[in-house]
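Note that my numbering has the sequence shown beginning at 79, numbered continuously upward. For every residue, glycine included, the Cβ atom is placed at its ideal position computed from N, Cα and C. Inspection log for the structure reproduced underneath, given as structure tokens.
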Amino acid sequence: EHNREHEQEFREWADKIAFLSKEVAQQLQEAAGRMAAASNNLEKARQVLAKNKEGD
Numbered sequence: 079e080h081n082r083e084h085e086q087e088f089r090e091w092a093d094k095i096a097f098l099s100k101e102v103a104q105q106l107q108e109a110a111g112r113m114a115a116a117s118n119n120l121e122k123a124r125q126v127l128a129k130n131k132e133g134d
């Protein structure tokens with residue numbers, strides 16, 4: 079959840095800064111996308127660990 083909050087903040091900052099710098103806004107959007115991907119990967123890893131623990 080913590081990472082998802084950062085993702086949302088990056089998207090909000092991108093919206094706010096877009097009128098000043100499209101390049102910075104794009105970088106923030108990319109960072110948000112990477113944060114979302116990282117969150118998804120971490121969640122998948124957590125699920126695998128939980129399944130493995132159940133199998134013990």
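K129 versus E121: straight-line alpha-carbon distance, rounded: Rounded to the nearest angstrom, the two C-alpha atoms are 12 Å apart.
Expected contact under 8 Å - CB spacing of V110 and E85 to nearest Å: According to the sequence displayed, residue 110 carries Ala and not Val. Right, their Cβ atoms sit about 5 Å apart.
Same chain only: Cβ atoms within 6 Å of L106, ignoring 5 sequence neighbours per side: So the list reads F88, W91, A92, once near-sequence residues are dropped.
Where the alpha helix (DSSP H) through A110 begins and ends: 100 to 133
Simplified DSSP assignment, three categories, for E83: The DSSP-derived three-state label of E83 is helix.
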